[in-house]
Structures are given as structure tokens and as C-alpha cells.
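Each residue of the sequence shown is one higher than the one before, starting from 88 at the first, in this note's numbering.
Don't be surprised by glycine CBs; every beta carbon is placed ideally from N, CA and C.
The structure displayed is predicted, hence computed values, not measured ones.
I have placed the structure first, in the form of C-alpha cells, so that the comments after it can refer back to it.
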Amino acid sequence: MNIFRLIYLSSLHVALATGACAAAFFELTGGTEKHGRGSIPAHWVSLAQIVLVCWLIYILDRILDVVRGNTSTERHRFHFENQYNLQLLAIALAAINIFLLFFQSREVIVYGVITGALVLLYLVWIVPRYPKAKDYSMPLIYLAAVVGVPFVSAPSVTLSAWLIAFMFALLVFQNLTSFAYFEQGKASKRKTVTVMGALNLFLFIVFFSGSTEYVSRLALIFTGISVFYSFIINNEKRFSARYRWIMDGLLFLPLLIL
């Protein structure tokens, strides 16, 4: 198995893309300043934790699916065949995150405890009892990490930052709905992706066009990804083989303006 296949099946690429988007929000909110716990910039500690926790959640989610008998996808079969090694990896990721807490600010720790409780609720209660709610719960947890931690760390949050966060939320739900469409083929999901793409384009034109500031460039990046999602979903035959790689890979684009 080549390294890229391993990264894909273990969802490491999703965790790294999550870090890229979180870094963009740290830059947006000015939450990159140093805090009182030493010389390490606060956002580097938080970014490391966001990436590691995201990877940990994806691994645990797949392992729990496998324990419940779900081996329907290639990723689930990968987790089934490598359960022992992935469990050791999950323990290591948890240990590293606990260590990083000693360098974290109090506000982020409190926020992390609350978010962690929601993740636990998601894994042990929502997924087994309400599997259909999984498609809505996971994006909210994802947003809580990518947007919530930079916002909690920021000295202040502007109205434009909240608007960018809303645009990113649309993007995240577009991503998930697109995957669901390719797997299920429901026309309603295709329409939803197109509508959310159009809404992001409208928000960019009304609020962020005509400016070269960082907030406008980030809005342009998110809008571009959003519109391209709509393009992919409306040209499904051309992208059906590699849509996951492409759609997740687009989330690395904020790195271009950091």
C-alpha cells in the first residue's frame, strides 16, 4: 500500500486540511499572539491539538463502526484489518494531546472540555441510536474545532469574521452533502449543494468583493472552493472516481494566503 493510500484510508489528509482551515481562522481573528505560558505561540499549540484530535476522532469513529459490524467501505475494512495498530495510534494521539494541555490557555481548555463532552456524546450515544443524525453532528463538531478554538483564543471577533465562519459552515455542509450524493444519488442533495454554493457566491459579492484585505482573500478562497463543489456535483461522471481526494484537497487552499 502506497503512502498516499495509507493517508487517505486513515483520514490523515482530513486532519491536515482541518489544520489548514483552522490556521486561516487564527490569522483572521488575530489569535496568533503569544499567551502567558511561555514562548510558544498559542496558535501552534492549538493547531497541533486540532489536527491530532481530528485524526483521533476519525479513527475512533471508524473503529466503533467496525465494532458494530460496519465494514461496507474500503476505509472501514482498513480499520477492521488494522484495529490493533490503530488503537495504539489512538492511545498515542490522546497522550500527546494531554501533554499539550500544559501549554494551553485556560479559555481553550474550558472550551475543549465542553467540546470533548459533545464528541463523547456523539460517539457513544448519537451514532448508535440515531445514525441518520451522524451526518449533521459531525460537521458541527468539525466547525466547533476549526472556528471555535480560534474565536475563543481571539482578543475580539469582528462581524466579518462571523460572516466568514458562516460561509465556511456552508462549505463544510456542502462537502458532506456532496459525499452523500455520490454515495446515494439523491437529487435533493445535489440541489442542496448547488444552493449553498450560490449562497456563498452571493455573500462574497455583497460583502467582500472589491477589497484585497486578508478577510476578503479568505472569503474568495472559500467561495472558490464552494463554487467548485457545485461544479463537481454537476459533472459527477467526470469526478466520480476521485471526488473525495479533490474535494478534501481543496480545503488546503487557505494555505495560499497565510
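**Message:** Alpha carbons only, please: which of Leu257, Gly311, Val138 and Phe295 is nearest the one belonging to Ala232?
**Reply:** With distances taken between Cα atoms, Ala232 lies closest to Val138.
**Prompt:** With Phe238 and Thr116 assumed to form a contact (beta carbons below 8 Å), what rounded beta-carbon distance in angstroms separates them?
**Reply:** Between Phe238 and Thr116, the beta carbon gap of about 6 Å places them in contact (Cβ cut-off 8 Å).
**Asked** Anyone know if the C-beta pair for Leu288 and Leu210 falls short of 9 Å?
**Response** No, they are not a contact pair.
**Message:** Going by beta-carbon coordinates alone, are Gln136 and Leu187 separated by less than 9 Å?
**Reply:** In this structure, Gln136 places its C-beta atom within 9 Å of the C-beta atom of Leu187.
**Request:** Identify the continuous alpha helix (DSSP H) that holds Asn287 and give its terminal residues.
**Result:** In the DSSP assignment, Asn287 falls within the unbroken alpha helix (DSSP H) covering Ala274 to Phe294.
**Request:** For Lys276, count neighbouring Cβ atoms within 10 angstroms of its own Cβ and tell me buried if that reaches 16, exposed if not.
**Result:** Under a 10 Å Cβ-count criterion, Lys276 is classified as buried, with 16 or more other Cβ atoms of the shown protein chains found around its own Cβ.
**Message:** Nearest by alpha-carbon distance to Leu263: which of Asp335, Cys108 and Leu205 is it?
**Reply:** Comparing Cα-Cα distances from Leu263 to each of Asp335, Cys108 and Leu205, the minimum goes to Asp335.
**Asked** Cα separation between Gln149 and Asn157?
**Response** Note that residue 149 corresponds to Arg in the displayed sequence, not to Gln. For Arg149 and Asn157, the distance between alpha carbons rounds to 9 Å.
**Message:** Measuring alpha carbon to alpha carbon, tell me which residue in Ser247, Ser265, Thr105 and Ile144 is nearest Ala306.
**Reply:** It is Ser247 whose Cα lies nearest to the Cα of Ala306.
**Request:** Identify whether Glu300 lies in helix, strand or coil by the three-state DSSP scheme.
**Result:** Correct three-state label for Glu300: coil.
**Message:** Suppose the cutoff is 8 Å on Cβ atoms and the five residues either side in sequence are ignored; what does the same chain contact list for Leu49 look like?
**Reply:** Only positions 88 to 345 of the chain appear in this structure, which leaves residue 49 out of reach.
**Asked** Which word fits Tyr268, buried or exposed, when buried means at least 16 other C-beta atoms lie within 10 angstroms of its C-beta?
**Response** Around the beta carbon of Tyr268, 16 or more other beta carbons lie within 10 angstroms, which makes this residue buried.
**Request:** Take Trp131 as the anchor and find which of Arg193, Leu345 and Ala110 has the nearest alpha-carbon.
**Result:** Comparing Cα positions, the closest option is Ala110.
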